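First up is the structure itself, then whatever we jot down about it.
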Amino acid sequence: MSRATISGEPDAFLIDLTKCTGCRGCMVACKQWNQLPAEETDFFSGEGYQNPKEMSENTYTVIKFREFEKNGHSIFSFYKEMCMHCDDPACVSVCPVNAFHKTPEGPVIYDAKVCIGCRFCMIGCPFDVPKYEWSKKLPLVRKCDGCYSRIKADLKPACVTACPSAMEYGPRSQMVQIAEERLKRHPDHYINTIYGKDEAGGTSVLYLSSEPYEELRFPSVPERPLPSYTWPALRLVPGIFATVVTGLTALTLFNHRKERLERERNKEKEAEQQRTVQAEEDKS
Amino acid sequence: MSITQAIGKEVKSYHWFVQLMLLLVLVGAAAAVYRFVFGLGATTNLNDRYPWGLWVSFDVVTAVPLAAGSFTLGAIVYCFNIKKLEPLIRPAIVTGFLGYSLVCVGLLVDLGQPHKGWHVLFFWNLHSPMFEVAMCVFAYTTVLFLEFLEPVGEKFGWNLSLKVLRKLHMPLVIAAAGISTLHQSSLGTFFLIAVEKLHSLWYNPLLPLQFWMSAISCGLCIIILEATATHKWMNQPNEGVLLRTIGKILPWTIGAYLVVRVFSLFFLTTGPLFDNPVMTRLFTVEMGGFVLALLMFSTTAVRNNDRLRAIAASVLVLTVILHRFNVSMFGMMDMNNIYYPSMTETLVTVGILAAHILFFVLIAKYFRIFVHSDGHEEPAQSCPSASAYSHG
Chain A
17 MSRATISGEP DAFLIDLTKC TGCRGCMVAC KQWNQLPAEE TDFFSGEGYQ
67 NPKEMSENTY TVIKFREFEK NGHSIFSFYK EMCMHCDDPA CVSVCPVNAF
117 HKTPEGPVIY DAKVCIGCRF CMIGCPFDVP KYEWSKKLPL VRKCDGCYSR
167 IKADLKPACV TACPSAMEYG PRSQMVQIAE ERLKRHPDHY INTIYGKDEA
217 GGTSVLYLSS EPYEELRFPS VPERPLPSYT WPALRLVPGI FATVVTGLTA
267 LTLFNHRKER LERERNKEKE AEQQRTVQAE EDKS
Chain B
15 MSITQAIGKE VKSYHWFVQL MLLLVLVGAA AAVYRFVFGL GATTNLNDRY
65 PWGLWVSFDV VTAVPLAAGS FTLGAIVYCF NIKKLEPLIR PAIVTGFLGY
115 SLVCVGLLVD LGQPHKGWHV LFFWNLHSPM FEVAMCVFAY TTVLFLEFLE
165 PVGEKFGWNL SLKVLRKLHM PLVIAAAGIS TLHQSSLGTF FLIAVEKLHS
215 LWYNPLLPLQ FWMSAISCGL CIIILEATAT HKWMNQPNEG VLLRTIGKIL
265 PWTIGAYLVV RVFSLFFLTT GPLFDNPVMT RLFTVEMGGF VLALLMFSTT
315 AVRNNDRLRA IAASVLVLTV ILHRFNVSMF GMMDMNNIYY PSMTETLVTV
365 GILAAHILFF VLIAKYFRIF VHSDGHEEPA QSCPSASAYS HG
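Okay, structure coming up:
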């Protein structure tokens with residue numbers, strides 16, 4: 017029995033960036049579990065002490081390095097980038113063939129068998145998570161699946177298992193509770209926000225940070241779930257179709273009715289004319 | 015004489031421009047083969063930052079409104095009963111049919127798993143604008159094919175099927191308008207998901223409505239350009255009188271679009287508008303184009319002059335193309351890391367455009383798609399109110 021069916025709610029990751037040492041053990045564990053090949057990289061390819069530059073078809077999670085100024089001092093910080101496993105994901109809603117699913121256990125998973133490769137998920141995702149196999153001739157989408165096979169076997173995700181200090185995994189409400197307690201206990205230590213609690217309608221990855229999220233360049237994301245932006249237009253589709261079709265049918269019938277009536281009236285007039293002509297002929 | 019020789023002789027008899035189009039189509043086809051052999055990553059400039067490029071922006075998002083003339087004109091002629099425009103219908107249907115068939119080609123070239131394209135028809139996701147558009151394009155291409163069968167049936171003398179087709183005529187016209195309304199607007203819905211990605215100058219909740227309204231004007235202008243071109247280069251009679259009527263409709267459709275556009279910009283947009291000089295410039299050119307087209311079509315002198323009318327139509331068509339590129343490409347671009355199409359992408363798109371012109375010319379050569387005789391020479395015959403008076 018998987019974890020979610022026991023707890024009755026999806027699980028979430030809690031990532032406390034103040035406790036991240038930047039050891040990148042999560043990245044190694046992720047590569048090993050998912051059997052992803054290594055990438056050829058340069059040391060300073062990304063922000064700084066960061067390798068590889070960004071997530072890709074072969075890298076589902078990256079420890080990003082950020083350097084910025086705070087109160088006149090140079091500060092650096094790490095953050096873990098991975099799929100956010102949104103509660104109401106954009107990728108699930110935009111995919112024309114239902115290749116993405118939000119599982120009851122929490123992870124958002126991808127079915128390569130049905131994917132047609134339209135890449136709408138990459139446009140839709142507010143966190144730019146889905147990556148494409150640009151190296152392949154028949155490319156598919158790749159992204160973190162929250163180690164769904166491990167979850168099914170009642171294990172925790174590979175990165176959580178490997179992390180020595182900063183990551184926790186469990187029922188979402190429990191993770192939110194832990195995060196809120198930490199914020200309450202150390203208000204001067206943390207930025208007073210749990211990133212992911214409300215972002216994009218709530219995600220299954222929650223962050224705590226001592227540095228402003230804008231400085232870490234977390235994407236600015238609306239609090240409304242992304243699908244709620246397209247659905248108001250899409251749900252009108254049947255109504256609009258019915259309106260246009262009935263409207264135009266009525267218009268056509270009306271316009272052609274006028275024409276038909278005119279034609280009939282003309283016929284009548286002609287008949288009348290003929291009758292009067294005949295009557296005159298009869299008289300003469 | 016063998017078939018190849020016969021074809022060779024036939025091709026040699028074509029005008030040099032048609033031969034050039036044929037060459038571009040062949041080059042485009044070769045580029046498409048190259049793309050399929052070596053894969054998307056190797057042959058395009060697409061990457062994880064720009065998963066969509068020229069093929070989505072032009073071959074799909076822009077080509078669909080360019081092919082909107084058929085449904086708009088169908089509704090105007092049959093539903094609003096402005097019968098005198100009827101001679102323009104058949105060429106518009108041919109353009110529409112070609113346009114949509116080539117949209118399907120463009121989609122297949124762009125898909126990473128083209129052999130699974132049919133999945134759209136079986137794995138429905140009603141929440142996906144892409145599903146919505148794919149279903150509509152599929153349905154509408156079928157409708158256009160049926161409408162296109164009429165000249166084909168005439169050519170080969172299929173009387174029975176012609177009878178069936180003529181019965182189906184009205185339902186097809188209405189279905190065409192319904193389906194087109196849905197997918198023209200749903201192309202705008204595509205970009206409603208790009209909430210923080212698309213610049214506020216273009217992002218607003220009425221994007222689908224704007225896509226539909228601008229597609230109507232664009233389709234009508236394509237009809238003007240097409241009729242002007244076939245008169246100039248294909249020895250067809252001048253349809254100026256009919257195009258003048260279309261010119262009279264256009265100020266209303268463009269004006270309505272601009273009202274919605276400006277309203278959404280001022281009242282429905284959140285986020286900074288003029289924070290990026292490049293975006294501001296693109297926006298200014300786009301709005302200027304719409305306003306210029308509106309002013310030109312509102313002027314009688316322009317509407318009544320074949321050359322000026324065609325120029326006004328070109329202004330509007332180019333502006334709609336810019337709008338679609340602004341929404342689907344420029345408005346989402348990272349200025350420090352600009353996307354531009356690769357040689358393969360460009361050659362395929364040019365090939366698709368050339369294919370449109372080539373097939374139109376060839377269809378016009380071998381099928382009867384221009385029906386003039388009773389169109390404008392005796393307007394009294396085709397205009398019901400006038401005929402009523404003349405008989406009375």
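Protein chains in written order, with the working numbering: chain A, 17 to 300; chain B, 15 to 406. Where is the CB? At the ideal position from N, CA and C, for every residue including glycine. Keep in mind the model is a prediction, meaning the values are calculated, not measured.
For the alpha helix (DSSP H) that residue i lies in, which residues bound it at each end?
i, result
"residue 79 of chain A", "Premise fails: residue 79 of chain A lies in the beta strand (DSSP E), 78-86, not in any alpha helix (DSSP H)."
"residue 320 of chain B", "320-342"
"residue 118 of chain A", "Segment 116-118 is the beta strand (DSSP E) holding residue 118 of chain A; no alpha helix (DSSP H) there."
"residue 229 of chain B", "221-247"
"residue 370 of chain B", "357-380"
"residue 46 of chain A", "41-49"
"residue 164 of chain B", "143-170"
"residue 274 of chain B", "254-281"
"residue 85 of chain B", "83-88"
"residue 285 of chain B", "That residue, residue 285 of chain B, is in no alpha helix (DSSP H); it is neither H nor E in DSSP."
"residue 24 of chain B", "17-26"
"residue 291 of chain B", "291-312"
"residue 56 of chain B", "54-57"
"residue 118 of chain B", "103-124"
"residue 251 of chain B", "No alpha helix (DSSP H) contains residue 251 of chain B, which DSSP labels as neither H nor E."
"residue 168 of chain A", "164-168"
Taking just the CA atoms, how far does residue j sit from residue i?
i, j, result
"residue 153 of chain A", "residue 313 of chain B", "54 Å"
"residue 230 of chain A", "residue 236 of chain A", "8 Å"
"residue 98 of chain A", "residue 112 of chain A", "24 Å"
"residue 50 of chain B", "residue 157 of chain B", "30 Å"
"residue 191 of chain A", "residue 171 of chain A", "17 Å"
"residue 256 of chain A", "residue 216 of chain B", "23 Å"
"residue 267 of chain B", "residue 225 of chain B", "12 Å"
"residue 341 of chain B", "residue 212 of chain B", "7 Å"
"residue 204 of chain B", "residue 125 of chain B", "16 Å"
"residue 151 of chain A", "residue 48 of chain A", "20 Å"
"residue 271 of chain B", "residue 195 of chain B", "15 Å"
"residue 138 of chain B", "residue 364 of chain B", "33 Å"
"residue 7 of chain B", "residue 253 of chain B", "No statement about residue 7 of chain B is possible, as the shown extent of chain B runs from 15 to 406 and does not include it."
"residue 17 of chain B", "residue 67 of chain B", "40 Å"
"residue 186 of chain B", "residue 92 of chain B", "11 Å"
"residue 218 of chain B", "residue 238 of chain A", "14 Å"
In chain B, which residues lie with their C-beta within 7 Å of the C-beta of residue i?
i, result
"residue 11 of chain A", "Residue 11 of chain A lies beyond the stretch modelled for chain A, which goes from 17 to 300, so this question has no answer here."
"residue 245 of chain A", "206, 207 and 209"
"residue 237 of chain A", "210"
"residue 253 of chain A", "146 and 196"
"residue 249 of chain A", "203, 206 and 222"
"residue 260 of chain A", "191, 192 and 195"
Residues of chain A with CB closer than 8 Å to the CB of residue i, please, in chain order.
i, result
"residue 92 of chain B", "268"
"residue 184 of chain B", "268"
"residue 303 of chain B", "The premise fails here: residue 303 of chain B is roughly 25 Å from chain A at the closest Cβ pair, so nothing lies under 8 Å."
"residue 290 of chain B", "Going along chain A, no residue has its Cβ under 8 Å from residue 290 of chain B, so there is no contact; the nearest lies around 16 Å."
List the residues of chain A that residue i touches, going by C-beta distances under 9 Å, in chain order.
i, result
"residue 1 of chain B", "The requested residue 1 of chain B is not part of the displayed model; chain B covers only 15 to 406."
"residue 98 of chain B", "Neighbours of residue 98 of chain B on chain A: none; closest Cβ ~13 Å, over 9 Å."
"residue 62 of chain B", "70, 71, 72, 73, 138, 144, 146, 147, 148 and 150"
"residue 126 of chain B", "131, 132, 133, 134, 135, 148, 149, 152, 154, 155, 156 and 157"
I need the boundaries of the beta strand (DSSP E) containing residue i, first residue and last residue.
i, result
"residue 12 of chain A", "The structure shown does not extend to residue 12 of chain A, since chain A is modelled only from 17 to 300, so the question has no answer here."
Run down chain B in chain order and give the residues with a C-beta less than 8 Å from the C-beta of residue i.
i, result
"residue 242 of chain A", "207 and 209"
Residues of chain B with CB under 9 Å from residue i, in chain order?
i, result
"residue 182 of chain A", "Per Cβ cutoff of 9 Å: no residues; residue 182 of chain A is ~26 Å from chain B at best."
"residue 124 of chain A", "Going along chain B, no residue has its Cβ under 9 Å from residue 124 of chain A, so there is no contact; the nearest lies around 15 Å."
Please list, in chain order, the chain A residues whose beta carbon lies closer than 7 Å to that of residue i.
i, result
"residue 65 of chain B", "135, 138, 139 and 148"
Open item on the list: Under 8 Å, CB to CB, which of the residues in the stretch 129-149 of chain A have a partner in chain B?
Closed with: Correct list: 130, 131, 132, 133, 134, 135, 136, 138, 139, 140, 142, 144, 147, 148 and 149.
Open item on the list: Output needed in chain order: residues of the stretch 262-294 of chain A with a Cβ under 7 Å from some Cβ in chain B.
Closed with: Cβ contacts with chain B come from 264, 265, 267, 268, 271, 272, 275, 278, 282 and 285.
TODO: Using a Cβ-Cβ cut-off of less than 7 Å, list which residues of the stretch 80-113 of chain A approach chain B; keep chain order.
DONE: Residues passing the 7 Å Cβ filter: 106, 109, 110, 111, 112 and 113.
- [ ] Any chance you could list the beta strand (DSSP E) runs of at least 3 consecutive residues sitting entirely within the stretch 210-260 of chain A, in chain order?
- [x] With a minimum length of 3 residues, the continuous beta strand (DSSP E) runs that stay inside the stretch 210-260 of chain A are 221-224.
Task: Uninterrupted beta strand (DSSP E) stretches inside the stretch 173-206 of chain A (no shorter than 3 residues) - done: Every beta strand (DSSP E) stretch that sits fully inside the stretch 173-206 of chain A and reaches 3 residues is listed by chain position as 183-187.
Open item on the list: At a CB distance below 9 Å, what residues from the stretch 128-147 of chain B approach chain A? Give them in sequence order.
Closed with: Hits within the stretch, in order: 128, 129, 130, 131, 132, 133, 134, 136, 137, 138, 139, 140, 141, 142, 143, 144, 145, 146 and 147.
Open item on the list: Extract the residue ranges of the beta strand (DSSP E) inside the stretch 88-160 of chain A, only unbroken runs of 3 or more that lie entirely within it.
Closed with: Segments of the beta strand (DSSP E) lying fully in the stretch 88-160 of chain A: 89-97, 116-118 and 124-126.
Task: Proximal residues, the stretch 72-93 of chain B versus chain A, C-beta separation under 7 Å - done: Residues of the stretch 72-93 of chain B with a Cβ closer than 7 Å to any Cβ of chain A, in chain order: 89, 92 and 93.
TODO: Residues of the stretch 152-173 of chain A with a CB closer than 8 Å to any CB of chain B: list them in chain order, please.
DONE: The stretch 152-173 of chain A vs chain B, Cβ under 8 Å: 152, 153, 154, 155 and 156.
Task: Near-chain A residues of the stretch 258-279 of chain B (beta-carbon distance less than 9 Å), N- to C-terminal order - done: Those residues of the stretch 258-279 of chain B placed with their C-beta closer than 9 Å to a C-beta in chain A do not exist.
Open item on the list: So if I threshold CB-CB distances at 7 Å, which residues from the stretch 339-354 of chain B count as touching chain A?
Closed with: From the stretch 339-354 of chain B, no residue has a Cβ closer than 7 Å to chain A.
Open item on the list: Along the stretch 32-55 of chain B, where does the CB come closer than 9 Å to a CB of chain A? Name the residues.
Closed with: Correct list: 50, 51, 52, 53, 54 and 55.
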